[in-house]
Structure formats: structure tokens, C-alpha cells
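Comments concern the structure below.
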Amino acid sequence: DREIFSDSTFKIIPDKPNPGSTIRVVGEKFGASQVFDFYIDAKKIGSFDTDNQGNFITTMKIPENEIQDRVDFKIKNNQGEEKILSLRIGNNELELVHQVLH
């Protein structure tokens, strides 16, 4: 059975995360009650499971030493299915101040 579908989607909050920061990962329309792995490029960061609707909200920490450029956030299962979201990782002190103020 498939667990990742064409309409499976996820997003990262904030959408321009910083190295060393904690992000929230929100997804929907994945396989229900399944365990998925979360990767940044080829590095596994953690795992989470979906609820009985196939949705999830989880938090992950971006490693301090993550490169400050575009990376692929990937959700994978053990059958090799994956969904990729490509984002730029920021490391700009002005952005950090901006985030604190809002």
C-alpha cells in the first residue's frame, strides 16, 4: 500500500529556518497511522507518526552545522517513497531579530 500520495503535502514553519533552530513540520494527506522518517538532504533528523487521518504536526531541530543554502527536507517511509520540500536555510542576524520582534 502506498503511504505517500500525489496530494500529500507538508510545510516547514518558519519557511526560512535557521541552523540550530527548531522547526515545526505540518503535513496532511499521508498514509494514516504510519511512521515516517524526516531527512535534511541525506541526513536523518528524526521520525514521527501520522494520526488516523494521515495528518501530523511535529517539531524537528535543524543541526547547527547545516549549510546555509538551499536544502531538501524529505519525508520518507521504509518503502522508499518520499516527498521533498526544497527550502533555503537562512542565517541572517537581521532575520533573527525580526523573528524575536514578531
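Read in order, the letters of the sequence shown correspond to residues 1266 to 1367 in our numbering. We treat Cβ as the ideally placed atom computed from N, Cα and C, and that holds for glycine.
{"Query": "Decide if LYS1308 is buried, meaning its Cβ has at least 16 other Cβ atoms within 10 Å, or exposed.", "Result": "exposed"}
{"Query": "I think ASP1337 touches SER1351, with their Cβ atoms under 8 Å apart; what is that distance to the nearest whole Å?", "Result": "5 Å"}
{"Query": "With C-beta atoms as the reference, is GLY1296 less than 8 Å away from ILE1269?", "Result": "yes"}
{"Query": "What's the call for GLY1355, buried or exposed, on a 16-neighbour Cβ count within 10 Å?", "Result": "buried"}
{"Query": "Ordered along the chain, which non-local residues of its own chain (more than five positions away) have a Cβ less than 6 Å from that of GLY1292?", "Result": "PHE1275 and PHE1321"}
{"Query": "Quick check on ILE1322: does DSSP put it in helix, strand or coil?", "Result": "strand"}
{"Query": "My guess is that ASP1302 and LYS1341 are in contact by the Cβ rule of under 8 Å, so how many angstroms apart are they, rounded?", "Result": "5 Å"}
{"Query": "Please classify GLU1329 as buried or exposed, where buried requires at least 16 other C-beta atoms within 10 Å of its C-beta.", "Result": "exposed"}
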